[in-house]
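Down below is the structure, laid out as C-alpha cells.
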Amino acid sequence: MKAAVLGGSGFTGGELLRILAMHPDVEVSYVSSREYAGRPIHYAHPHLKGFYSRLRFEPLSLDRALDADVVFSALPHGVGVKLTAALYESGVRVVDLSADYRLKDPGLYPRIYGFEHPYPDLLGKAVYGLPETRGEELRGARLIAVPGCNATAAILASAPLVATGLVEEPVRVVVDVKASSSEAGSKPSRGSHHPIREGAIRPYSASGHRHAAEAVQELSRLAGRRVWVSLVPHAVPSTRGVLASAHSWLRDGVDSRDVARAYAGFYRGRRFVRLVEPGTQGRYPDPKFVAGSNYADVGWAVEGESGRVTGFAAIDNLVKGAAGQAVQAFNVSIGLPEDAGLGIPPLSP
Ligand SMILES: NC(=O)c1ccc[n+]([C@@H]2O[C@H](COP(=O)([O-])OP(=O)(O)OC[C@H]3O[C@@H](n4cnc5c(N)ncnc54)[C@H](OP(=O)(O)O)[C@@H]3O)[C@@H](O)[C@H]2O)c1
791 MKAAVLGGSG
801 FTGGELLRIL
811 AMHPDVEVSY
821 VSSREYAGRP
831 IHYAHPHLKG
841 FYSRLRFEPL
851 SLDRALDADV
861 VFSALPHGVG
871 VKLTAALYES
881 GVRVVDLSAD
891 YRLKDPGLYP
901 RIYGFEHPYP
911 DLLGKAVYGL
921 PETRGEELRG
931 ARLIAVPGCN
941 ATAAILASAP
951 LVATGLVEEP
961 VRVVVDVKAS
971 SSEAGSKPSR
981 GSHHPIREGA
991 IRPYSASGHR
1001 HAAEAVQELS
1011 RLAGRRVWVS
1021 LVPHAVPSTR
1031 GVLASAHSWL
1041 RDGVDSRDVA
1051 RAYAGFYRGR
1061 RFVRLVEPGT
1071 QGRYPDPKFV
1081 AGSNYADVGW
1091 AVEGESGRVT
1101 GFAAIDNLVK
1111 GAAGQAVQAF
1121 NVSIGLPEDA
1131 GLGIPPLSP
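Just so we're aligned: the sequence shown equals residues 791 to 1139 in my numbering.
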C-alpha cells in the first residue's frame, strides 16, 4: 500500500517514517513539510539516512495525498482537519495522530481545543485507535483517531479496574503523569526549549488537561457509567516516555487477588501489553524499558489498609503513544498482523 505522511518533519512524523521503513506491506510515497520542502528526509531526520533515498519533503498538498492508499497525519490539531475530512470523503484511509477526531462530543472542541469542529458528523464515524479497548471496532475502520500519549497511558493503567467494576462509586481516577520533553513536539516554545526544560520537574495543565476528556470518554464507555478522571502531568527530565500512575479506591470486599485477575483477564492475548506483576520482578513499570518500542508495561499496587489501588502504565510517547499505535491500529483496520512493522524490542539502557 502507498502511504503518505503529513507533517513528516516533526517528532511523530519521524517515528512514523522509522516504523514504516520496517513495514512489510507499506511503501511511503509522499512526506509533507513546509520548512523542509525540497530537502531529503535525512535533512530533518539524520537517523534515517540511507532510508527513503528516493524521497524528498514536499509542500502540503491534497492532490499528492489523494494518490496514497493510507494517509498518516501528524499535523498539529486543527491544522489538517479539512484535509483529512476531504481525504476520508474521497475514499482514502486516514490515520490521524492529532486530536481532531478523538472526542465524540463536538461541543467539547471549542473549550478544549479552541475551535468549532467543522465536521461533527465525522466524529461519529471515527474510531478511537486504541486496539486494546477498540479492537473489534477498528476492523475495517477508514478514519482512525489515534489517542493522545498521556491518555493512552492513563487508560491502559486503569481500564481493567473500571471495566470490571472493582472501583468504588462514584468511579473516580486520579492520574499522575510523568511526561518527557518530546511530548511538546519539535518546535521549541518558551516552556519546552532545552535550557528551560532540561532538569525541570514541574506540574503543568494541572486542572483540565486536554487528555482527561479522552480518558473520561473511553473509561466511561468501558465502565458503562460516568467515570471522573483527574489528570495532572508533570514535566520530568527525560526525552521519551510517559508513566501514568492512576489512583482509585476499591469497593469493599475487593482484594489484591481480584485486582491481579482483572489485569490478567483484561490484557490476555494483547500483543503489546506486558504485565509487570508486583513482587515478581521487584519493580514497577518504567518508560526506560519500553523506549523505542510499541510496548506498554502495565502494573498495579494495592494498599490494603486504605483500599487504595494504583494502576501503572509506561509507554514511549512517540511509539505506543503516537506513531506505533497509529501503525498498530492501521494494521488491525486492514486485517494485517497487529505487529506488522512493530516487532522491534525496546532499547536498554
Ligand atoms: N509528541 C508527542 O508525544 C505526541 C504524541 C501523540 C500525539 N501527538 C500529536 O501528533 C501531532 C504531531 O506532533 P509532533 O510532536 O510530531 O509535532 P511537531 O514535531 O511539531 O511536528 C508537527 C509537524 O506538522 C507540520 N506543521 C506544523 N504546522 C503546520 C501547518 N500550519 N501547516 C502544515 N504543516 C504544519 C510541521 O512541519 P513544517 O513546519 O515543516 O511544515 C511538522 O512536520 C500533533 O497533533 C500532536 O498533538 C504528539
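Where is the CB? At the ideal position from N, CA and C, for every residue including glycine. What you are looking at is a predicted structure, and each value in this text was computed from that prediction instead of being measured.
- By the Cβ criterion, the region 933-944 is in contact with the region 877-892, since at least three pairs of Cβ atoms, one from each stretch, lie closer than 8 Å.
- Leu796 places its beta carbon 9 Å or farther from that of Leu856.
- Of all alpha-carbon atoms in Ser1096, His999, Gly1082, the one lying nearest the alpha-carbon of Ser1046 is that of Ser1096.
- In this structure, the C-beta of Pro866 approaches ligand 1 to less than 8 Å from one of its heavy atoms.
- No heavy atom of ligand 1 is found nearer than 8 Å to the CB of Thr874.
- In the displayed model, Arg992 falls within a strand according to three-state DSSP.
- The three-state reading of DSSP puts Gly840 in coil, since its state is none of H, G, I, E or B.
- Short note on Phe862: C-beta not closer than 8 Å to any heavy atom of ligand 1.
- The continuous beta strand (DSSP E) containing Val967 extends over residues 961-969.
- By the neighbour-count criterion, in which a residue is buried when 16 or more other Cβ atoms sit within 10 angstroms of its Cβ, Ser1083 is buried.
- In the structure shown, the three-state DSSP call for Lys977 is coil.
- Between ligand 1 and the CB of Ser819, the shortest heavy atom gap is not smaller than 8 Å.
- Residue state for Thr954 is assigned as coil, using DSSP reduced to three classes.
- Val1019 carries a strand assignment under DSSP once its states are collapsed to helix, strand and coil.
- Note on Ala1034: 16 or more other CB atoms within 10 angstroms of its CB, so buried under the neighbour-count rule.
- Sorting Leu807, Gly828, Lys894, Arg901 by C-alpha distance to the C-alpha of Ser863 places Leu807 at the top.
- With respect to the C-alpha of Glu922, the residue from Ala949, Tyr994, Phe1102, Pro910 having the closest C-alpha is Ala949.
- Comparing alpha carbon positions, the residue from Ser976, Glu988, Ala1013 closest to Ala1025 is Glu988.
- In this structure Ile809 is in contact with Gly1114, their Cβ atoms being roughly 6 Å apart against a cut-off of 8 Å.
- Annotated three-state conformation of Leu887 is coil, per DSSP.
- Taking every protein chain shown into account, the CB of Arg924 has 16 or more other CB atoms within 10 angstroms, so this residue is buried.
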